[in-house]
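Heads up, the sequence shown is in the UniProt record's numbering, so the first residue is 1 and it goes up one at a time. To start, the structure itself, in structure tokens.
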Amino acid sequence: ESITKWAYRLSYPWQVKQITARMCKLCQSAPKGPCAFEINCDPLLMKDEARKHYWGGFFAEDEAYIEAWRYEDTSKPLTNAADPAEVAKAARALAAAKAPYLVIGEDAAWEDCGAECKEFVEYWKIPHNNRRTGRALISELHPYYHRGYPPFKSEIDLMIVVGVKVGFFDAYGGGWAPTIQFASAESRVWTYLKSPAVLMGTIKVSLKQVLDYAKANNLGPSMEAQEWLKKCQASHVAAIEKRKAHAYMYGPDHPRYRKYNIIHFGYMSQIIR
Numbered sequence: 001e002s003i004t005k006w007a008y009r010l011s012y013p014w015q016v017k018q019i020t021a022r023m024c025k026l027c028q029s030a031p032k033g034p035c036a037f038e039i040n041c042d043p044l045l046m047k048d049e050a051r052k053h054y055w056g057g058f059f060a061e062d063e064a065y066i067e068a069w070r071y072e073d074t075s076k077p078l079t080n081a082a083d084p085a086e087v088a089k090a091a092r093a094l095a096a097a098k099a100p101y102l103v104i105g106e107d108a109a110w111e112d113c114g115a116e117c118k119e120f121v122e123y124w125k126i127p128h129n130n131r132r133t134g135r136a137l138i139s140e141l142h143p144y145y146h147r148g149y150p151p152f153k154s155e156i157d158l159m160i161v162v163g164v165k166v167g168f169f170d171a172y173g174g175g176w177a178p179t180i181q182f183a184s185a186e187s188r189v190w191t192y193l194k195s196p197a198v199l200m201g202t203i204k205v206s207l208k209q210v211l212d213y214a215k216a217n218n219l220g221p222s223m224e225a226q227e228w229l230k231k232c233q234a235s236h237v238a239a240i241e242k243r244k245a246h247a248y249m250y251g252p253d254h255p256r257y258r259k260y261n262i263i264h265f266g267y268m269s270q271i272i273r
């Protein structure tokens, strides 16, 4: 798998606009990622009048570039929606779940889905964590946030992944419960997860589709799911207190640090907080 989605060597100065526009489109299309182009010595030194001397008169100036091609919407990203049948399956699976858990990943961050993810977890009352670039898309101070997985992970009966790049590189996704996948492109749909619903499309749109369907059909979190949330919240608070107590144990009066002019990083983190 390549690092960039596309690479181009720019040989003529009158191609700059069209190549830049093409690269921006590719970067912003799902799954989003980097492109690269090289400007070699020729276009840096070449005068524009050289264009008329090239054989056949080809490479007209920015022939593939049109200003404001979508009028006032040119700067807005294109969107697409998930299959309505998958939307219905996802909403009903969420309503039936007794112990759901949600993970937010990097593709959700690329789409800036913070507000949509927040509305989603609050409607369904789902404990969640964030992974890689998805970290802090919803604040880690949110009352439904859980650092990592709860110690009773085996009780989870439904996973929801929102823009998560799952993979066997670090065994992430292994042993998961049935998983609802929100994916921006087919290459981000993971076939090694049992999935009652796969919502492929613009993640912002897909999240809204599921919420709209749930509200229209009077679907919401089960009573068991709401009790599960409370259990996860208690687990998160207990873990914070445990880490805090462990950090304070290594303060300046600890034998290891009393005679040295250094401070344990865990203790320092608590003092800074």
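Beta carbons: idealized from backbone N, C-alpha and C, even for Gly.
DSSP three-state assignment for residue i, whether helix, strand or coil
{"i": "residue 263", "result": "coil"}
{"i": "residue 12", "result": "coil"}
{"i": "residue 120", "result": "helix"}
{"i": "residue 141", "result": "coil"}
{"i": "residue 100", "result": "strand"}
{"i": "residue 272", "result": "helix"}
{"i": "residue 219", "result": "coil"}
{"i": "residue 186", "result": "helix"}
{"i": "residue 38", "result": "strand"}
{"i": "residue 172", "result": "strand"}
{"i": "residue 90", "result": "helix"}
{"i": "residue 95", "result": "helix"}
{"i": "residue 7", "result": "strand"}
{"i": "residue 67", "result": "coil"}
{"i": "residue 73", "result": "helix"}
{"i": "residue 32", "result": "coil"}
{"i": "residue 81", "result": "coil"}
{"i": "residue 193", "result": "coil"}
{"i": "residue 125", "result": "coil"}
{"i": "residue 21", "result": "helix"}
{"i": "residue 153", "result": "helix"}
{"i": "residue 27", "result": "helix"}
Where the alpha helix (DSSP H) containing residue i begins and where it ends
{"i": "residue 203", "result": "203–216"}
{"i": "residue 234", "result": "223–249"}
{"i": "residue 45", "result": "41–45"}
{"i": "residue 258", "result": "255–258"}
Beta strand (DSSP E) segment containing residue i, residue limits
{"i": "residue 106", "result": "From DSSP, residue 106 is part of no beta strand (DSSP E) but of the alpha helix (DSSP H) over 106–110."}
{"i": "residue 199", "result": "197–200"}
{"i": "residue 183", "result": "179–183"}
{"i": "residue 161", "result": "158–162"}
{"i": "residue 129", "result": "128–130"}
Per-residue burial, residue i [other beta carbons within 10 Å of its own, 16 or more giving buried]
{"i": "residue 228", "result": "buried"}
{"i": "residue 69", "result": "exposed"}
{"i": "residue 120", "result": "buried"}
{"i": "residue 223", "result": "exposed"}
{"i": "residue 154", "result": "exposed"}
{"i": "residue 139", "result": "exposed"}
{"i": "residue 15", "result": "buried"}
{"i": "residue 301", "result": "It is not possible to answer for residue 301, since the shown part of the chain is limited to 1 through 273."}
{"i": "residue 258", "result": "exposed"}
{"i": "residue 19", "result": "buried"}
{"i": "residue 7", "result": "exposed"}
{"i": "residue 28", "result": "exposed"}
{"i": "residue 66", "result": "exposed"}
{"i": "residue 128", "result": "buried"}
{"i": "residue 271", "result": "exposed"}
{"i": "residue 44", "result": "exposed"}
{"i": "residue 73", "result": "exposed"}
{"i": "residue 188", "result": "buried"}
{"i": "residue 23", "result": "buried"}
{"i": "residue 56", "result": "In this prediction, residue 56 has a pLDDT of 47, which is less than 50 and means its spatial position is unreliable; nothing more can be read from the coordinates."}
Whole-Å CB distance - residue i paired with residue j, under 8 Å assumed
{"i": "residue 180", "j": "residue 134", "result": "16 Å between Cβ atoms; not a contact."}
{"i": "residue 77", "j": "residue 46", "result": "Their Cβ separation, rounded to whole angstroms, is 34 Å, which puts residue 77 and residue 46 out of contact at 8 Å."}
{"i": "residue 203", "j": "residue 86", "result": "Not quite, the Cβ-Cβ distance comes to about 13 Å (not below 8 Å), so this is no contact."}
{"i": "residue 205", "j": "residue 79", "result": "5 Å"}
{"i": "residue 159", "j": "residue 123", "result": "In fact, because the Cβ distance is near 18 Å, the residues do not count as touching under 8 Å."}
{"i": "residue 225", "j": "residue 125", "result": "6 Å"}
{"i": "residue 149", "j": "residue 236", "result": "Wrong, their Cβ atoms sit about 11 Å apart, outside the cutoff."}
{"i": "residue 221", "j": "residue 195", "result": "Rounded, the Cβ-Cβ distance is 20 Å, inconsistent with contact."}
{"i": "residue 91", "j": "residue 219", "result": "5 Å"}
{"i": "residue 109", "j": "residue 141", "result": "Residue 109 to residue 141, Cβ: 18 Å. No contact."}
Proximity test, residue i beta-carbon vs the ligand SAH heavy atom, cut-off 7 Å
{"i": "residue 32", "result": "The ligand SAH is absent from the structure shown, which contains no ligands of any kind."}
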